[in-house]
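Data block below; observations after.
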Amino acid sequence: MKFLKRFLDRVRPDFEEGGRFQSLRSVYDGFDTFLFTPSTTANSGVHVHDAMDSKRTMIIVVLALMPCLLFGMYNTGYQHWLACGQGLGPFWTMLLYGFLAVLPKLAVSYITGLGIEFIVAQWRREEIQEGFLVTGILIPLICPIETPLWMIAVATAFSVIFVKEVFGGTGYNIFNVALVTRAFLFFAYPGAMSGDKPFIARDSILGIGSDLPDSFTGATPLGQLATMAGDADSTTLTAINGAELSSWDLFLGLIPGSFGETSTLCILIGAAILLFTGIASWRIIISVFAGGAMMSLITNLFPSPEYPASFLSISDQLCLGGFAFSAVFMATDPVTAAHTTIGKYIYGFLVGVIAIMIRTYNNGYPEGAMLAVLLMNAFAPLIDYCVVQCNINRRAKRARINS
Amino acid sequence: MAEKVSNKKVLFNPLSKDNPVIVQILGICSALAVTAKLEPAIVMGLSVIAVLALANVILSLIRNTIPTNIRIIVQLVVVAGLVVIVNQLLLAYAYNVSKQLSVFIGLIITNCILMGRLEAFAMSNKPWPSFLDGIGNGLGYTIILIIVAFFRELLGCGTLLGIQVIPECFYQHGYQNNGLMILPPMALIVVACIIWVQHSFNKDLQE
Numbered sequence: 001m002k003f004l005k006r007f008l009d010r011v012r013p014d015f016e017e018g019g020r021f022q023s024l025r026s027v028y029d030g031f032d033t034f035l036f037t038p039s040t041t042a043n044s045g046v047h048v049h050d051a052m053d054s055k056r057t058m059i060i061v062v063l064a065l066m067p068c069l070l071f072g073m074y075n076t077g078y079q080h081w082l083a084c085g086q087g088l089g090p091f092w093t094m095l096l097y098g099f100l101a102v103l104p105k106l107a108v109s110y111i112t113g114l115g116i117e118f119i120v121a122q123w124r125r126e127e128i129q130e131g132f133l134v135t136g137i138l139i140p141l142i143c144p145i146e147t148p149l150w151m152i153a154v155a156t157a158f159s160v161i162f163v164k165e166v167f168g169g170t171g172y173n174i175f176n177v178a179l180v181t182r183a184f185l186f187f188a189y190p191g192a193m194s195g196d197k198p199f200i201a202r203d204s205i206l207g208i209g210s211d212l213p214d215s216f217t218g219a220t221p222l223g224q225l226a227t228m229a230g231d232a233d234s235t236t237l238t239a240i241n242g243a244e245l246s247s248w249d250l251f252l253g254l255i256p257g258s259f260g261e262t263s264t265l266c267i268l269i270g271a272a273i274l275l276f277t278g279i280a281s282w283r284i285i286i287s288v289f290a291g292g293a294m295m296s297l298i299t300n301l302f303p304s305p306e307y308p309a310s311f312l313s314i315s316d317q318l319c320l321g322g323f324a325f326s327a328v329f330m331a332t333d334p335v336t337a338a339h340t341t342i343g344k345y346i347y348g349f350l351v352g353v354i355a356i357m358i359r360t361y362n363n364g365y366p367e368g369a370m371l372a373v374l375l376m377n378a379f380a381p382l383i384d385y386c387v388v389q390c391n392i393n394r395r396a397k398r399a400r401i402n403s
Numbered sequence: 001m002a003e004k005v006s007n008k009k010v011l012f013n014p015l016s017k018d019n020p021v022i023v024q025i026l027g028i029c030s031a032l033a034v035t036a037k038l039e040p041a042i043v044m045g046l047s048v049i050a051v052l053a054l055a056n057v058i059l060s061l062i063r064n065t066i067p068t069n070i071r072i073i074v075q076l077v078v079v080a081g082l083v084v085i086v087n088q089l090l091l092a093y094a095y096n097v098s099k100q101l102s103v104f105i106g107l108i109i110t111n112c113i114l115m116g117r118l119e120a121f122a123m124s125n126k127p128w129p130s131f132l133d134g135i136g137n138g139l140g141y142t143i144i145l146i147i148v149a150f151f152r153e154l155l156g157c158g159t160l161l162g163i164q165v166i167p168e169c170f171y172q173h174g175y176q177n178n179g180l181m182i183l184p185p186m187a188l189i190v191v192a193c194i195i196w197v198q199h200s201f202n203k204d205l206q207e
């Protein structure tokens with residue numbers, strides 16, 4: 001550590017104005033403050049002095065995502081071996097397979113996003129902002145494992161530029177950057193993002209695993225539901241080898257789905273980390289689940305063969321697809337969520353209600369949670385405005401009575 | 001008009017510096033609706049040029065005889081008549097494009113660019129400058145439509161004017177058309193990009 005610090009201090013003059021690597025100043029600054037607490041402090045105005053700056057906050061969110069990432073790796077291998085139909089492989093082999101499958105996607109997402117951030121920071125002569133640290137890991141987690149790399153690159157570039165940088169960078173975006181990436185992929189390349197093909201890794205990687213035949217299909221539980229429309233009295237969800245899935249399987253997450261969002265258990269571990277460190281708002285998480293549960297109850301009271309998802313029990317609805325992941329990691333994004341206390345309850349509740357509503361009553365859009373969070377992102381400032389105005393009116397009324 | 005503007009300026013200002021779509025932000029609705037393909041965008045642009053130029057000339061000729069109270073009605077009648085003629089011509093000679101454009105030819109009547117130019121220019125200028133103004137603004141509108149449609153058709157369908165442009169070997173290597181480009185939101189984003197580029201080159205427009 002000492003060595004690193006000495007090295008950074010020695011090369012500092014090269015990156016100052018007029019130095020050799022002047023054009024890389026923001027990059028240097030980014031790494032320097034990433035590794036060590038900055039030595040400069042604010043000397044004007046009132047500032048909160050806290051070790052918990054936004055870089056540390058982001059690191060904790062990344063840590064909270066680790067259970068999902070690791071489970072996603074294992075699950076990718078597990079589904080692949082299950083699809084091959086020759087029994088499961090050794091634990092570490094399956095984990096390694098998943099790791100190799102997701103590594104290029106993580107790399108592409110980070111290189112594209114951080115590349116754009118570095119260029120923009122240098123161009124505007126600002127510090128590099130650290131928001132992409134979390135976004136970059138979220139993007140592979142919410143995409144199907146077979147998403148082509150160039151699509152991830154295009155979608156990441158699109159959302160970093162048009163959702164974040166044009167609004168002024170980290171902290172000014174209206175919509176959640178990672179979710180817009182997913183929405184862009186969903187609407188731009190529907191063939192590669194839904195249906196029964198992309199959710200299982202199909203090829204052997206570095207000799208691990210085996211190639212699946214082209215005819216092989218493995219739909220996610222939500223994908224299966226969508227195809228049952230019209231002819232089902234009840235719903236039976238199956239794993240890719242044909243075995244029936246229990247609610248416990250859905251909770252554990254050994255099912256096909258987007259890379260990191262299948263396991264509700266791991267998401268809850270992540271939620272515990274976020275809540276324990278006080279980064280995510282428990283109000284939002286609780287109210288998203290409450291809203292989702294209420295809407296599931298309503299759809300379950302009036303089941304219809306037209307909308308197969310209405311047969312699902314409340315717990316299945318909350319465990320399936322991206323719902324839990326959105327509730328914990330997407331809806332709680334402090335930049336795009338509502339800020340007022342009452343606003344957070346309303347915001348979260350509506351996210352839950354709309355997510356289940358879209359999922360159940362539109363068979364074409366099984367990813368209701370994504371669309372619900374994006375929709376409520378747009379409404380969050382309005383909710384805040386109404387809450388603040390109500391408060392002002394109430395206090396004004398009280399003042400009139402007292403005077 | 002208070003100041004005399006040269007005919008050249010009347011014709012060429014609307015192309016870039018005073019563009020109706022990207023500077024005055026008028027006619028956005030049809031720019032979103034008809035630009036999924038290049039061909040309808042060109043036809044739409046030509047129709048607007050024709051209607052706008054002729055309406056400008058007609059209104060300019062009768063501008064001194066119109067009672068002020070009913071001038072909007074008169075303008076609407078003139079434009080509506082011209083739009084009906086254009087619509088019938090398209091139905092007769094370019095039926096397929098006319099089907100694609102559907103109601104949007106009819107909706108030229110409500111295009112803000114037309115009412116704007118009639119009110120702001122034709123009602124107070126002689127026929128010849130009014131004609132040039134109509135051509136200029138129509139061209140400014142058409143240019144933007146063509147740029148937007150170019151990108152949307154190229155990236156969304158891989159074709160230009162219906163001809164395959166992106167080679168087949170791209171698709172074999174996993175390239176796919178971007179379905180989002182066909183949807184209206186991308187038209188808005190492409191228009192925004194054009195505005196961005198234009199404002200960064202044109203110092204007068206920067207705030």
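So the protein lines, in turn, are chains A and B.
Under the working numbering, residues 1 to 403 are what the first sequence spells out, in order.
Under the working numbering, residues 1 to 207 are what the second sequence spells out, in order.
Virtual Cβ for every residue (Gly too), placed ideally from N, Cα, C.
Please read all numbers here as calculations on a predicted model, not as lab measurements.
Contacts between alanine 272 of chain A and chain B, judged by CB atoms closer than 8 Å, are missing: the closest CB pair is about 37 Å apart. Excluding five sequence positions before and after proline 148 of chain A, the CB atoms of its chain that fall closer than 7 Å to its own CB belong to Ala192, given in chain order. Within chain B, the residues whose beta carbon sits less than 8 Å from that of tyrosine 189 of chain A are Gln176, Asn178, Gly179, listed in sequence order.
Among the residues of chain A, those whose CB is under 8 Å from the CB of isoleucine 189 of chain B are Phe162, following chain order. With contact defined as three or more Cβ pairs closer than 8 Å, the stretch 339-354 of chain A and the stretch 377-391 of chain A are in contact. For tyrosine 74 of chain A, the secondary structure class from DSSP, reduced to helix, strand or coil, is helix. Residue environment analysis places glutamine 164 of chain B among the exposed positions, since fewer than 16 neighbouring C-beta atoms fall within 10 angstroms of its C-beta. Around the beta carbon of threonine 65 of chain B, fewer than 16 other beta carbons lie within 10 angstroms, which makes this residue exposed. With respect to leucine 52 of chain B, asparagine 137 of chain B sits close: the two C-beta atoms are nearer than 8 Å. Here the C-alpha atom of methionine 294 of chain A lies approximately 13 Å from the C-alpha atom of phenylalanine 302 of chain A. Runs of the alpha helix (DSSP H) spanning 4 or more residues and lying entirely within the stretch 79-164 of chain A occur at 91-124, 132-141, 149-159, in chain order. Using beta-carbon distances, phenylalanine 184 of chain A counts as an interface residue toward chain B, with a partner under 8 Å. Beta-carbon to beta-carbon, isoleucine 285 of chain A and alanine 327 of chain A are separated by about 6 Å, close enough to satisfy the 8 Å threshold. The residue among B:Gly140, B:Leu15, B:Leu54 with its C-alpha nearest the C-alpha of isoleucine 85 of chain B is B:Leu54. Under DSSP, no beta-bridge partner is assigned to threonine 33 of chain A. Within the same chain, Gly270, Ile273, Leu274 come within 6 Å of alanine 64 of chain A by CB-CB distance, once the 5 residues on both sides are set aside. In this structure, A:Val177 is the residue among A:Glu165, A:Val120, A:Ala121, A:Val177 with its C-alpha nearest to the C-alpha of isoleucine 142 of chain A. Between the stretch 18-33 of chain B and the stretch 68-76 of chain B, the count of Cβ pairs shorter than 8 Å is below three; the stretches do not touch.
Restricting attention to A:Thr112, A:Ile174, A:Phe31, A:Glu117, the CA atom closest to the CA of phenylalanine 379 of chain A is found in A:Ile174. Taking 7 Å as the upper bound on Cβ-Cβ separation, chain B lies near residues Pro148, Phe162 of the stretch 144-173 of chain A.
Per DSSP, the continuous alpha helix (DSSP H) segment holding glycine 136 of chain B begins and ends at 127-157.
Counting along the chain, the unbroken alpha helix (DSSP H) around alanine 187 of chain B starts and ends at 184-201.
Ranking A:Glu126, A:Ser204, A:Leu138 by CA distance to the CA of threonine 93 of chain A puts A:Ser204 first.
The three-state reading of DSSP puts isoleucine 85 of chain B in helix, counting H, G and I together. The beta carbons of phenylalanine 104 of chain B and valine 57 of chain B sit no closer together than 8 Å. Under the DSSP assignment, lysine 99 of chain B falls in the alpha helix (DSSP H) whose first and last residues are 95-101.
For alanine 192 of chain A, the chain B residues whose C-beta falls within less than 7 Å of its own C-beta are Gln176, listed in chain order. In the three-state reduction of the DSSP assignment, isoleucine 205 of chain A falls in the strand class.
For lysine 37 of chain B, the closest alpha carbon among the candidates B:Met123, B:Glu153, B:Pro67 is that of B:Glu153.
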